[in-house]
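**Student:** Residue numbers (numbering that gives the first Met the number 0): 0 to 368. Ideal Cβ placement from N, Cα and C applies to all residues, glycine included. None of these values were measured; they are calculated from a predicted model. Mind looking over this structure? Questions follow.
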Amino acid sequence: MDASRLLDVADDIDLIEYCYAQGWTDGLPVVPPTPEKVAAAVAASGRAADDLVCTYAERQRDVTVEHVAINAVMAGCRPEYLPVVLAIVEAMATDAFGLHAANATTGGSAVGFVVNGPIRRSLGMNYRGNVLGPGNRANSTIGRAVRLTQINAFGSVPGAGNESIDPGGRPILDRAAVGQPAKYAGYHIVENEEDYPTLRPLHVERGHAPEQSVVTVFATVGHLQLSIHHESTAAEIVETICHHLVGTGRFGRTGFCVLVIPPENADIFVRDGWTKADIRAAIYAGTSRSVAWVKSHGHSLTGGLMDRRGAPVQPGDDDQIVAIAATPEDILVTVAGGPAGAFVQVLLPYGGMAERVVRVPSPSPEEVV
């Protein structure tokens, strides 16, 4: 396993411009990864620098804690953010996520992740207003660290069709035709676990203990913003969500979708006594259609992004049911956002989904005292 190179740069060199010249950036300035900053990040992870995080088989690359730490430093992460970045990268390397598709596809696949558990608050992550937008250091830089790791450790250098775009002369292996802005910092969803106890946090719904910190990571084609301001009951909210989801044509026997429910809508669900299980079941039922219906309404059979739509109806198609996700459990419901604005966000898949428990290092004896 190769260790990272230590470069001796003259004192009069502008380190930010030097990073640009090496092709290490995402197009925005990065924090120069000095040995001291990288060592501090590694130490905060509680792991050894050469600890293997994952192996990217398709490109024969081993990625270590130090490799990820370098990119986290460049992204602007504080050292204590590194355990979350490592957990996201580990989840991405699983078969369930589909790392190579996310790194190399011609489509605009971006990484999304949900953060749950105590680490949200210890890192000061934002789960209220503008949760998916800029402004919070932890939210933004953790997502950016993942993208820089994709570029520098996984080799997913962007710029297909302009092979001279990388100053470092590396091959262009991120083949996205157009891409999307979320490829800078991902979809960083931090769940509000405190205000709606009856809407159990995502990680608890998926079998983890409340005191565990967990990341749920997924590859996404992007999101829809649904204005749901005039619906006054939980049932009406779900009916409107289903109406828009059906319109996407993303039906299938596999897959998932992610919902971000803001407080205005969450208040109604709680008032009407709905749980997340109720929401999932209602959305699954409300988006379920026969294969015959899907074909006759001009959609593709599987909901795939490149599938032919409007195939002829075959015998037995009336008896085969597809929906927006493989099962109700594959509809991930999260609660986040500011107090005003009934804008539900829906994220649709471009790849798979996986989760990892964040390996939070044990405090030192001095910290316990």
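On a Cα-Cα basis, can you pick out the residue from Ile141, Val177 and Asp194 that is closest to Gly111?
**Tutor:** It is Ile141.
**Student:** Quick one: give me the first and last residue of the alpha helix (DSSP H) that Phe255 is part of.
**Tutor:** Per DSSP, Phe255 belongs to no alpha helix (DSSP H) and is neither H nor E.
**Student:** Comparing C-alpha positions only, which one of Asp266, Gln313 and Ala281 sits nearest to Ser289?
**Tutor:** Checked all of Asp266, Gln313 and Ala281; the closest Cα to Ser289 is Gln313.
**Student:** Between Pro360 and Ser3, which are expected to be in contact by the criterion C-beta below 8 angstroms, what is the C-beta distance as a whole number of angstroms?
**Tutor:** Not confirmed; about 21 angstroms, so no contact.
**Student:** Once DSSP output is grouped into helix, strand and coil, what is the label at Cys53?
**Tutor:** Strand at Cys53.
**Student:** Measure the alpha-carbon distance for His229 versus Glu263 and round it to whole angstroms.
**Tutor:** Roughly 11 angstroms between the two C-alpha positions.
**Student:** Quick check: Gln224 and Val343, are their CB atoms within less than 9 angstroms of each other?
**Tutor:** Yes, the pair counts as a contact, with Cβ atoms nearer than the cut-off.
**Student:** Ala234 and Asp271: beta carbons closer than 9 angstroms?
**Tutor:** Cβ distance < 9 angstroms, so Ala234 and Asp271 count as in contact.
**Student:** Which residues bound the alpha helix (DSSP H) around Tyr19?
**Tutor:** Its alpha helix (DSSP H) spans residues Leu14 to Gln21.
**Student:** For Gly350 and chain C, any beta-carbon pair shorter than 9 angstroms?
**Tutor:** Any reference to chain C falls outside this structure, which holds one protein chain only.
**Student:** Excluding the five sequence neighbours on either side, which residues of its own chain have a C-beta within less than 7 angstroms of the C-beta of Pro28, listed in chain order?
**Tutor:** Result list for Pro28: Ile15, in chain order.
**Student:** Could you give the first and the last residue of the continuous beta strand (DSSP E) run that contains Val220?
**Tutor:** That run of the beta strand (DSSP E) goes Val213 to Ser226.
**Student:** For Gln59 and His296, I'd like the C-alpha separation in whole angstroms.
**Tutor:** Computed Cα separation, rounded: 44 angstroms.
**Student:** Tell me the DSSP bridge mates of Glu354?
**Tutor:** Thr215.
**Student:** Which same chain residues, not among the five before or five after Phe96, have their C-beta less than 8 angstroms away from its C-beta?
**Tutor:** Excluding residues within five positions, the ones whose Cβ falls inside 8 angstroms are Ala90, Val216, Phe217, Ala218, Gly350, Gly351, Met352 and Ala353.
**Student:** Could you pull the start and end residues of the beta strand (DSSP E) that His296 belongs to?
**Tutor:** Premise fails: His296 is in no beta strand (DSSP E) and is neither H nor E.
**Student:** Mind checking which residues open and close the beta strand (DSSP E) that includes Arg60?
**Tutor:** Per DSSP, Arg60 belongs to the beta strand (DSSP E) from Arg60 to Thr63.
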